[in-house]
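Q: Chains U and P, in that order, give the protein sequences. Note that the first sequence covers residues 1 to 151 in this note's numbering. Note that the second sequence covers residues 1 to 151 in this note's numbering. Quick reminder that beta carbons are idealized off the backbone N, C-alpha and C, glycines included. Just so it is clear, the structure is predicted and the values come from calculations on it, not from any experiment.
2 protein chains.
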Amino acid sequence: MSPENKDADNTIDYGLLDKVVGYRLRRAQMNFFATFSDVFSDLGISPGLFAVIALVESNPGRTQTAIAQALGNDRSAMVAAVDKLENMKIIERRPSKSDRRSYALYMTQTGNDFFKTASKRVMDHEKEMTSRLKDEKEVAWLLETLRTLSD
Amino acid sequence: MSPENKDADNTIDYGLLDKVVGYRLRRAQMNFFATFSDVFSDLGISPGLFAVIALVESNPGRTQTAIAQALGNDRSAMVAAVDKLENMKIIERRPSKSDRRSYALYMTQTGNDFFKTASKRVMDHEKEMTSRLKDEKEVAWLLETLRTLSD
DNA sequence: TATTGTTATACTCTATAACTATA
DNA sequence: TATAGTTATAGAGTATAACAATA
């Protein structure tokens with residue numbers, strides 16, 4: 001195709017955008033979250049809620065604020081999240097023994113079962129998405145690179 | 001530290017989450033967008049608006065719907081975006097010659113100047129963020145990997 | 001019948017400020 | 001004074017449905 005016809009065809013030149021890590025990060029994340037939401041629609045949780053569950057599972061007894069900070073969220077956003085997960089019997093608030101202002105968050109037995117099911121689903125989803133990459137070493141490299149860019 | 005004290009300290013174990021590409025993508029993107037927004041606060045545009053400008057610059061004459069589709073957005077969301085960029089005299093709507101239902105989008109001269117300034121700012125931001133990586137080859141590899149994960 | 005731009009609408013996510021009870 | 005949880009609220013961002021004009 002001649003350059004003169006460039007404006008008239010229906011292909012798009014992403015130009016600068018294609019070289020911008022910030023933009024490519026966004027597109028990759030959009031794709032992950034869209035398919036993630038499909039995979040999880042029957043379980044009734046979003047990617048954000050799964051993150052809360054995963055952190056409580058690995059860190060039982062932490063306060064809402066501690067979990068929020070670890071996820072980079074505001075503590076006010078945790079209220080509705082914990083309310084929902086408590087209604088689903090996945091996690092529970094227990095009064096902190098050392099500080100009567102705060103609650104400690106724990107998994108329920110139902111929550112442990114749910115987490116087992118959900119994390120298997122997450123890892124299957126991960127495997128499917130990263131199957132386009134060369135090998136496990138490349139996935140590990142990507143994870144390390146993304147961690148480096150997150151600080 | 002002994003494992004028994006794990007619950008009591010203030011470090012967080014990210015557990016499974018640290019191995020999940022979807023989560024690490026989100027954290028990296030949050031970091032990029034937060035600093036991007038700082039860098040761009042004086043120019044009055046968001047990352048999303050910059051993407052629209054960049055695409056119009058590389059593809060003058062496209063319709064709103066074509067730009068929206070290329071960005072993965074709904075066309076209804078383009079109305080406010082184009083309204084704003086037109087008010088800022090950055091891009092302009094011109095009646096399409098071949099289809100009276102649609103507008104073709106073009107850069108203004110002001111828009112070209114703006115884009116030059118803005119894209120320099122974006123690339124500086126990119127350079128600062130990716131300076132933590134080993135070299136340019138690693139950045140290129142990351143971009144290619146992210147593209148692979150976006151389809 | 002289908003598509004473009006548009007409007008209205010709603011829903012999620014996120015952030016801010018203020019309140020209370022504790023520390 | 002400062003902090004934890006909460007509430008109310010407001011602002012993005014995003015998606016859906018419907019409409020008029022046009023294809």
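Since residue 21/P meets chain U, which of its residues come closer than 9 angstroms, beta carbon to beta carbon?
A: Going along chain U in sequence order, the residues near residue 21/P (Cβ under 9 angstroms) are 28, 32, 126, 129, 130, 139, 142, 143 and 146.
Q: At which residue ranges does the stretch 67-105 of chain P contain complete alpha helix (DSSP H) runs of 4 or more residues, listed in the order of the chain?
A: Segments of the alpha helix (DSSP H) lying fully in the stretch 67-105 of chain P: 75-87.
Q: Going straight from the alpha carbon of residue 144/P to that of residue 140/U, what length do you get?
A: Their backbone Cα atoms lie some 16 angstroms apart in a straight line.
Q: Return the chain-ordered list of same chain residues with a C-beta closer than 8 angstroms to the C-beta of residue 102/P, the five sequence neighbours on each side being excluded.
A: Correct list, in chain order: 63, 64, 65 and 96.
Q: State buried or exposed for residue 58/U, treating a residue as buried only when at least 16 other CB atoms are found within 10 Å of its CB.
A: Residue 58/U comes out buried.
Q: With DSSP collapsed to three states, give me the class of residue 13/P.
A: Here residue 13/P sits in coil by DSSP.
Q: So the candidates are 76/P, 105/P, 77/P and 100/P; which of them puts its Cα closest to the Cα of residue 90/P?
A: The shortest C-alpha separation from residue 90/P is found at 105/P.
Q: Output the boundary residues of the alpha helix (DSSP H) element that contains residue 112/U.
A: Taken as a continuous stretch (DSSP letters only), the alpha helix (DSSP H) holding residue 112/U covers 109-130.
Q: Beta-carbon within less than 8 angstroms of residue 55/U's beta-carbon, same chain only, minus the 5 sequence neighbours each way: which residues are those?
A: Excluding sequence neighbours, residue 55/U sits near 62, 67, 70 and 71.
Q: Residue 27/P and residue 76/U: beta carbons closer than 8 angstroms?
A: Contact flag unset, no.
Q: Work out the CA separation of residue 129/U and residue 121/P for me, nearest whole Å.
A: Rounded to the nearest angstrom, the two C-alpha atoms are 32 angstroms apart.
Q: Is it right to say residue 123/U is buried, meaning 16 or more other beta carbons lie within 10 angstroms of its own, or is it exposed?
A: With fewer than 16 other Cβ atoms within 10 Å, it is exposed.
Q: Name, going along the chain, the residues of the stretch 95-129 of chain P whose beta-carbon falls closer than 7 angstroms to a beta-carbon of chain U.
A: Listed in sequence order: 119, 122, 126 and 129.
Q: Is there at least one Cβ from chain U nearer than 8 angstroms to residue 81/P's Cβ?
A: Taking Cβ atoms only, chain U never reaches closer than 8 angstroms to residue 81/P, which makes this a no.
Q: Whose C-alpha, out of 11/U, 20/U and 12/U, is nearest the C-alpha of residue 136/P?
A: That would be 20/U, whose Cα lies nearest to the Cα of residue 136/P.
Q: Give the DSSP-derived three-state secondary structure of residue 140/U in the structure shown.
A: The answer is helix: DSSP assigns residue 140/U an H, G or I state.
Q: Should residue 81/P go down as buried or exposed, given a rule of 16 or more other Cβ atoms within 10 Å for buried?
A: Residue 81/P should be labelled buried.
Q: Anything in chain P within Cβ reach of residue 46/U, meaning under 7 angstroms, just list it in chain order.
A: Per Cβ cutoff of 7 angstroms: no residues; residue 46/U is ~12 angstroms from chain P at best.
Q: For the alpha helix (DSSP H) that contains residue 27/P, what are its first and last residues?
A: Note, residue 27/P: alpha helix (DSSP H), 21-40.
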